[in-house]
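Peer 1: Numbering (my numbering), first residue to last: 45 to 826.
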C-alpha cells in the first residue's frame, strides 16, 4: 500500500500543491530548520495570497519549534486571516493551534471542543495530510484524558490517512505515535513493530529525532536495553528537554545504571518547564533513588504526595503500578506493614487494570484494522464494479456503434437496387399505354417505397440508439405543418374510405419549440398508424392550448381514430420495436412495428410527454404535449410546390453502380435534361470536355480513396466552375457520414431518392440542404 501511495504521489502536481507537499515534508522532517526555505518561498509567491497564507502557517510551526512562541502565535493569526476562505487552510491552522496548546499542557477538554466540530467532516475530499494531522492530534488529547479506546481509534485513523498521503516523515511520526500509545497502555510488544517501521521510514535526522523517543521507550519496555541506551545517547547529544531527559533516565535505570539515571534525573528536575505527563516519571525515579540511598521515608512521602495531589487520575494503570510498587517497598523498609499492604493492593489493582487495558488496546487495534480492511475491500469492490460497468458500457457502446455501422452498410447496399428500381419505374411511366400496365407499375412503386420506408425506420432507430440524432430546435407553426401532413396522407385515407380532418385552436397560431423535421416524423408516424388500424370512420388531428408541467405555456396535439383500439395489457407494448396488435401474419400493409417505437424515442429526445388512451373496438387517442415558443417569432415563409425543370438542363452524373447510373440517366432524360454520366472522376471529366454542366450529381461512396465530396471539389476545379451546384446521393446514413456531410456546404439526399426533392433541387438556382423539403432524420446531420 505504501509503495502504491508513494508511486501515486510522484505524479505531476499543480505548482501550489507541489509547494505544499514539499513544505509538509520539510516540517515533518525538521521543522526548526525549515524557516529559511519558507522565507525564500514566501518571496517567490508574494503575489498569491493563498500561498502566502499556507506559508505563514508553516512558518508558525517552524518558529514554535525554534522556541519563538510569541512570534509563532502572531504568524499563525496572520495565516488564519489569509486563509479565511480556504477550508483546507483553516483545518491546517486549527491543527497548528491545537499542537501549540497541547505542547503547553493546555486544557485538554478545550482542545477536544476545538476539534469536535471538524472531525466528523473529514472525508475523502479532505487532503490525507490534514486528516493524518487532526486524527493524530485528537488521539494524543484523548490518551491524555484517559479515553484510551477512542485515542487508539484516532491514532489508527491517522495512520491510515498517513499511508494514503504518502509522505514518509508524516507516516513515520504517525506510526511512532501509535506505537508509543501501545507502550503507554502496557502493550509494548504491539507498539515495537510500529516504532521500528517508523524508524525505517525516516530519511532525515530531524525525522529520526521525532521517532526516536517512542522507539527508545518501547525497546526499554521489552528488555532490549542495549539498543535503548544507544538511542538514549543519541537523544542526549541533542540537548533535550525535561521530558526526554526523564525518558532517558528511565532507560538507564532499567538497564542497571542508577548513577547515570540519577544524573539525568537531576538535570530534568532543574529544567525550567517540566511537562505534566513527565512528572510521574520524575517522582518514580526520585522515590526509587531515595529508597536505594536509605531514605525510604522521603521516598514514601514523595509518592504519596504526588498521588494525593491528583497524580492518580492522570496516570495510566502501568504508571500507577510502578508508583505503588515503589511506595510498597519504601513502606516495608520503614516497617509500616499497614501502608505497605495498602500500596500492594493498589499495585495489584493497577496491574489488573493494566492487563485489561493492554487487552483493550489489542482489541481496538484489531477492530479498527478490520474496519479499515473492510472499508478498503468495499472501496476496491466498488472500484472493480465501476471498472466492470465501464467495460460493459464500452462494450454496449461498441455494440451499438457496430450495429449502426452494420445497418448503414447494409442499408447502403440494399438502397442501391431499390434506388435504381424507383428511377427505372419513374422513367418507364411515360412509356406505358394501358391502365393495366400503369397499375402494375404503381404496385412496383409501392413495394419499392415500402422497402425505402423500412430502411429509413431501421436507420432512425440505429441513430437514436447511438445518440447520433440531435434535435435542432426552432419556432414551429403547428398549423401549416399539420395541414401539410394531412394533405400528404389524404389520398391514403380516401383510398380506404376514411375521413381525415384537422381542427386547430381558434385562439392564436400554435407556435411550439421543437425540431420541425423530427416533429414531422413523429406526427406522420402517428397519423399513418391511425389510418393503418382504422377500417371505418376516420382520423381527427386536433390542437389545443394546454399548460405543461409546472404551469409552463404549451400546446397539446391529439390524434383521434375510430379504429380497433388497444387492450390495456398491450398499451405499453405498442411502443416497443416490432410489436403489433392483431397482426400475427405480419401483413405488410399493416406496417412492420417500428413507427411507434420511433415516436416514443423521439418524444423523449424532444421532451414531448406522450400519453395514450384507448378502448378496444372504439378507437384510440394519442396526445403529445409540446412547449410553446416564447421567443420572438420568425418571419413567415411561403411554401413551394413541385418545380418545373428548365429545358435543356445539363446534368453531370458520377455513379459507379452501372444499374443505378443507367436508371438515373433514363429518369433525367425523361425529365428533359441532357445527361452525361461516368463511373470515375477522370472518365466524367473526359465525358464533359467542351460541355460545361449546369448541375452535378455524385454518389458519396466511390471506388478508391476518393469519396463524393472530394470528387465534387476535384471536378469543380477541373471545370473551373467553383460555384457549380452539386448534390451528393448516399445510402450510408451512419453518424460518421452525417458528420462528414454536415462539415461541407453540399446538399445531399438519401437513397432511394425522393423524386420530388430531386426535381426541386434541379430546378433551384442556389440549392442548399436547408432549402429542400426533407423528411425527418435525413435532412441534417446528427
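Glycine is no exception: its CB is placed at the ideal position from the N, C-alpha and C atoms.
(1) Grouping DSSP H, G and I as helix and E and B as strand, with all else coil, what is residue 694?
(2) Residue 155 lies in the alpha helix (DSSP H); which residues open and close that run?
(3) Looking only at its chain, what residues have a beta carbon closer than 6 Å to the beta carbon of residue 604, apart from the 5 residues adjacent to it on each side?
(4) Around the C-beta of residue 734, are 16 or more other C-beta atoms found within 10 angstroms, so that it is buried, or is it exposed?
(5) Identify the continuous beta strand (DSSP E) that holds residue 602 and give its terminal residues.
(6) Would you check if the stretch 556 to 571 and the stretch 588 to 597 touch, i.e. whether three or more CB-CB distances between them fall below 8 Å?
(7) Counting C-beta neighbours from all protein chains within 10 Å, is the total for residue 360 16 or more, i.e. buried, or is it exposed?
(8) For residue 753, count neighbouring Cβ atoms within 10 angstroms of its own Cβ and tell me buried if that reaches 16, exposed if not.
(9) Do the CB positions of residue 596 and residue 671 come within less than 8 Å of each other?
(10) Quick check: the Cα distance between residue 189 and residue 177, rounded to an integer number of angstroms?
(11) State buried or exposed for residue 405, treating a residue as buried only when at least 16 other CB atoms are found within 10 Å of its CB.
(12) Could you say which of 807, 614, 668, 652 lies nearest to residue 691 if we only look at CA atoms?
(13) When the Cα of residue 379 is compared with those of 166, 366, 344, which residue comes out closest?
(14) Does the separation of the CB atoms of residue 155 and residue 137 fall below 8 Å?
(15) Return the residue from the list 785, 737, 783, 643 that minimises the CA-CA distance to residue 764.
(16) Starting from residue 742, follow the beta strand (DSSP E) in both directions and report where the run begins and ends.
(17) For the stretch 211 to 225 and the stretch 429 to 440, state whether three or more C-beta atom pairs, one from each stretch, are separated by less than 8 Å.
(18) For residue 718, report the span of its beta strand (DSSP E) as first-last.
(19) From 353, 375, 393, 374, pick the residue whose C-alpha is nearest to that of residue 365; which is it?
(20) CA-CA distance, residue 635 and residue 599?
(21) Straight-line CA distance for residue 61 to residue 272?
(22) Can you tell me which of the three DSSP states residue 43 falls into?
(23) Where does residue 610 sit, in a helix, a strand or coil, going by DSSP?
(24) Count the other C-beta atoms from every protein chain shown that fall within 10 angstroms of the C-beta of residue 232, then say buried if there are 16 or more, exposed otherwise.
(25) Label residue 450 either buried or exposed according to how many other C-beta atoms from any shown protein chain fall within 10 Å of its C-beta, with 16 as the threshold for buried.
(26) Starting from the C-beta of residue 368, find all residues in its chain whose C-beta is less than 7 Å away, skip the five residues before and the five after it, and write them out in chain order.
(27) Apply the 10 Å Cβ neighbour rule to residue 214 and answer buried if 16 or more other Cβ atoms are within range, or exposed otherwise.
(28) Using DSSP's beta-bridge definition, name the partner residues of residue 547.
(29) Here's the rule: buried if 16 or more other CB atoms are within 10 angstroms of the residue's CB, otherwise exposed. What is residue 282?
(30) Among all the DSSP beta bridges, which residues are the ones paired with residue 98?
(31) Does the distance from the C-beta atom of residue 649 to that of residue 794 stay below 8 Å?
(32) I'd like the list of long-range same chain contacts for residue 537, defined as Cβ closer than 6 Å, with 5 residues on each side in sequence excluded.
(33) Kindly indicate which residue of 719, 789, 556, 579 has the alpha-carbon position closest to the one of residue 673.
(34) Can you tell me which residues form a DSSP beta bridge with residue 659?
Peer 2: Well, looking at it:
(1) As a working mapping, residue 694 is identified with position 650 in the chain shown. If DSSP states are grouped into helix, strand and coil, residue 694 belongs with the strands.
(2) Sequence index remark: in the chain shown, residue 155 carries index 111 (1-based). Looking at the DSSP string, the run of the alpha helix (DSSP H) that includes residue 155 is 152 to 159.
(3) Position 560 of the chain shown, counted from the start, is the residue given in the question as residue 604. Correct list, in chain order: 584, 665.
(4) The residue given as residue 734 occupies position 690 in the chain shown. Result: exposed.
(5) One-based indexing of the chain shown puts residue 602 at position 558. Its beta strand (DSSP E) spans residues 598 to 605.
(6) no
(7) As a first step, residue 360 is located in the chain shown; it is residue number 316 there, counting from the start. By the 10 Å Cβ count, residue 360 comes out buried.
(8) Your numbering for residue 753 matches position 709 in the chain shown. Answer is buried; the Cβ neighbour count reaches 16.
(9) Here residue 596 refers to the residue found at position 552 when the chain shown is read from its first residue. Here residue 671 refers to the residue found at position 627 when the chain shown is read from its first residue. Yes, the Cβ-Cβ distance between residue 596 and residue 671 is below 8 Å.
(10) The residue labelled residue 189 in the question sits at position 145 within the chain shown. The residue labelled residue 177 in the question sits at position 133 within the chain shown. Their Cα atoms are separated by approximately 19 Å.
(11) Position 361 of the chain shown, counting from 1, holds the residue named residue 405. Residue 405 should be labelled buried.
(12) Along the chain shown, one-based indexing puts residue 691 at 647. Minimum Cα distance to residue 691 is reached at 807.
(13) As a first step, residue 379 must be located in the chain shown, where it is residue number 335. Of the candidates 166, 366, 344, the one whose C-alpha sits nearest the C-alpha of residue 379 is 344.
(14) Against the chain shown, residue 155 aligns to sequence position 111. Against the chain shown, residue 137 aligns to sequence position 93. The answer is no: Cβ separation not under 8 Å.
(15) Along the chain shown, read from residue 1 onward, the residue named residue 764 stands at position 720. Selected option, being the one with the closest Cα: 737.
(16) The sequence position of residue 742 within the chain shown is 698, counting from 1. Looking at the DSSP string, the run of the beta strand (DSSP E) that includes residue 742 is 739 to 743.
(17) no
(18) Position 674 of the chain shown holds residue 718. Per DSSP, the continuous beta strand (DSSP E) segment holding residue 718 begins and ends at 718 to 722.
(19) For this step, residue 365 is matched to residue 321 along the chain shown. Of the candidates 353, 375, 393, 374, the one whose C-alpha sits nearest the C-alpha of residue 365 is 393.
(20) To locate residue 635, count along the chain shown from 1; it is residue 591. To locate residue 599, count along the chain shown from 1; it is residue 555. For residue 635, the predicted model reports a pLDDT of 45, less than 50, meaning its position is unreliable; a value from the coordinates is still stated below. Their Cα atoms are separated by approximately 29 Å.
(21) Looking up residue 61 in the chain shown gives position 17. Looking up residue 272 in the chain shown gives position 228. Spanning the two alpha carbons is a distance of roughly 39 Å.
(22) Because residue 43 is not part of the residues shown, which for the chain are 45 to 826, the question remains open.
(23) Reading the chain shown from its first residue, position 566 is the one you call residue 610. Residue state, collapsed to three classes: coil.
(24) Counting from 1 along the chain shown, the entry for residue 232 is found at position 188. By the neighbour-count rule (16 or more Cβ atoms within 10 Å), residue 232 is buried.
(25) If you number the chain shown from 1, residue 450 lands on position 406. With fewer than 16 other Cβ atoms within 10 Å, it is exposed.
(26) For this step, residue 368 is matched to residue 324 along the chain shown. Cβ within range, chain order: 387, 390, 391, 394.
(27) Translated into positions along the chain shown, residue 214 becomes position 170. Classification of residue 214: buried, given that the 10 Å Cβ count is 16 or more.
(28) Indexing the chain shown from 1 puts residue 547 at position 503. In DSSP, residue 547 forms a bridge with 586.
(29) The residue given as residue 282 occupies position 238 in the chain shown. Classification for residue 282: exposed.
(30) Here residue 98 is taken as the residue at index 54 of the chain shown, counted from 1. Per DSSP, none; premise fails for residue 98.
(31) Residue numbering aside, residue 649 sits at position 605 when the chain shown is read from its first letter. Residue numbering aside, residue 794 sits at position 750 when the chain shown is read from its first letter. Between residue 649 and residue 794, the C-beta gap is not smaller than 8 Å, which leaves the two residues out of contact.
(32) One-based indexing of the chain shown puts residue 537 at position 493. Excluding five sequence positions before and after residue 537, the CB atoms of its chain that fall closer than 6 Å to its own CB belong to 544, 575, given in chain order.
(33) Translated into the one-based positions of the chain shown, residue 673 becomes position 629. Taking only the C-alpha atoms, the option nearest residue 673 is 556.
(34) As a working mapping, residue 659 is identified with position 615 in the chain shown. The partner list for residue 659 (beta bridge, DSSP) reads 663.
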